[in-house]
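In this note's numbering, the protein residues as written are 2 to 192.
Contents: one structure, followed by commentary.
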C-alpha cells in the first residue's frame, strides 16, 4: 500500500488520524499538528522548547515522505536476502557448522546489502523531488513548495535552479554510493 498509494492521499489519512482522531480518542494527550512550520510559543521560550516544537511539526511530513522509500527498500532487501540464501557459499557455510546467526549476518546479509546501497543512493535525491507534493499537503515551506510556487507563477529561473540542485545531488549521492561499495564489499577495490 505504501508503494502504490499516492502521497497526497496517505498524507490526508495521516493528518486525519494523527491530528483529529487520535487527539479526540486520547483527550488531547497524543497527537501531531496537521501542518505548518511551528506553533505559537511565548517569546521567552528556550531553544529546547523551540526545537521540540519544530520536531513535532516535522514528524508527520517526514513519516509520509519516507514511507514509500522504506517500503521499496524492505521489499528489495527481502528479495535479495531470499536470493542470497540459496547461493552455494551460504549452503557451504551452513554445512561447515556455522551458527545460523553468523551465516545470516556475516555471509548472506553482507552480499545482499550491496544492491540496497545503490537503491538508497537514488532514493535520497528522490526524496527532494517527492517533497513537492508532501510540502504542499502539509504546508511546509521548502524546496518542493518553492518549485511548485515557481511553476504556478511561471518563474522558470527558480525551477531551473532547483532542478540543477536536484541533478547535482543525484550525481553527488551516486558518487558516494560508489565509494561506499568499497567499504561494504571487500572485493571491490579502487585503484
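All C-beta atoms in this analysis are idealised placements derived from N, C-alpha and C, irrespective of residue type, glycine included.
If you follow the alpha helix (DSSP H) that residue i is in, where does it begin and where does it stop?
i: residue 92; result: 89-96
i: residue 126; result: 115-138
i: residue 144; result: 144-153
i: residue 164; result: 157-185
i: residue 44; result: No alpha helix (DSSP H) contains residue 44, which DSSP labels as neither H nor E.
Return the CA-CA distance between residue i and residue j, expressed in angstroms with no decimal places.
i: residue 36; j: residue 93; result: 54 Å
i: residue 1; j: residue 96; result: Residue 1 falls outside the range modelled here, since the chain spans only 2 to 192, and no answer is possible.
i: residue 178; j: residue 120; result: 9 Å
i: residue 11; j: residue 57; result: 19 Å
i: residue 32; j: residue 9; result: 20 Å
i: residue 60; j: residue 138; result: 14 Å
i: residue 207; j: residue 160; result: One cannot answer for residue 207 here, as it falls past the ends of the chain, which runs 2 to 192.
Any idea if residue i is buried or exposed, counting beta-carbon neighbours within 10 angstroms, 16 or more meaning buried?
i: residue 69; result: buried
i: residue 148; result: buried
i: residue 168; result: exposed
i: residue 158; result: exposed
Using only alpha-carbon positions, find the residue among the options that is nearest to residue i.
i: residue 105; options: 133, 117 and 88; result: 88
i: residue 6; options: 147, 72, 30 and 139; result: 72
i: residue 176; options: 162, 154, 13 and 118; result: 118
i: residue 146; options: 116, 154 and 134; result: 134
i: residue 14; options: 54, 27, 65 and 109; result: 65
i: residue 181; options: 128, 114 and 144; result: 114
Chain D beta carbons: is any one of them nearer than 8 Å to that of residue i?
i: residue 13; result: The chain inventory of the structure shown lacks chain D, comprising one protein chain alone.
Continuous alpha helix (DSSP H) assignments of at least 4 residues falling wholly in the segment 5-83: 8-16 and 23-26
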